[in-house]
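Heads up: the sequence shown runs through residues -23 to -1, 1 to 111, numbered per mature numbering (1 follows the signal peptide of the UniProt record, and there is no 0). Cβ coordinates follow ideal geometry from the N, Cα and C atoms, glycine included.
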Amino acid sequence: MKRIPLIGTVVLVLALNSCGSWAYQGYEMSSSHHETAPNEFELEVKVVYVQELRKETNSIKVDYEVVNRSEDIFLSPEKKYNVFFKVKTKDGREIGHYKSIYRKIAPNSSIILSETINLSVYEYESVEAKIFIE
């Protein structure tokens, strides 16, 4: 009879410890927490043009170029490739935004894409872009 509470306690402790690993751990979006694009796909990104969209919302439209410098077609394999935008505002804040790359990019060529970033009440000063993978 004394074994049943002991076994129940052991099962409860194991269940509570294992459930902790299933719980959502949260996710912080920062380009420094991800690895940069590997050498298999030599991807580069640069901001081409930034347009303010003040009439509709306080947001900016960023045109950016993704360049594939490798000898293979970029198909976004098993890892997820993203462009991370770091928007610096006039009051010194930094706003992060990312966009996944789903397009095919031929070898030694580039594509130009655009992304709208909502800035809420802030005014942008500069925009940087980097490639990172998850």
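Taking just the CA atoms, how far does GLU55 sit from VAL27?
Along the sequence shown, one-based indexing puts residue 27 at 50. Along the sequence shown, one-based indexing puts residue 55 at 78. In this model, VAL27 and GLU55 are separated by some 31 Å (Cα to Cα).
Buried versus exposed, by CB contacts within 10 Å (16 or more), GLU29: Here residue 29 refers to the residue found at position 52 of the sequence shown. Taking all protein chains shown into account, GLU29 has fewer than 16 neighbouring C-beta atoms within 10 Å of its C-beta and is therefore exposed.
- Message: Please list the terminal residues of the continuous beta strand (DSSP E) segment that includes GLY73.
- Response: Here residue 73 refers to the residue found at position 96 when the sequence shown is read from its first residue. From DSSP, the beta strand (DSSP E) with GLY73 extends over 71 to 77.
Applying the criterion that 16 or more other CB atoms from any shown protein chain within 10 Å of the CB defines a buried residue, is VAL39 buried or exposed?
-> To locate residue 39, count along the sequence shown from 1; it is residue 62. Counting the other CB atoms within 10 Å of its CB gives VAL39 a total of 16 or more, which places it among the buried residues.
Quiz item: Using a Cβ-Cβ cut-off of 6 Å (strictly less than) and excluding sequence neighbours within five positions of PHE61, which residues of its own chain qualify?
Solution: As a position in the sequence shown, residue 61 is number 84, starting the count at 1. Result list for PHE61: SER8, TYR75, LYS107 and PHE109, in chain order.
Distance, VAL25 Cα to SER36 Cα: What you label residue 36 is simply residue 59 of the sequence shown in a count that begins at 1. What you label residue 25 is simply residue 48 of the sequence shown in a count that begins at 1. Distance from the CA of SER36 to the CA of VAL25, rounded to the nearest whole angstrom, comes to 17 Å.
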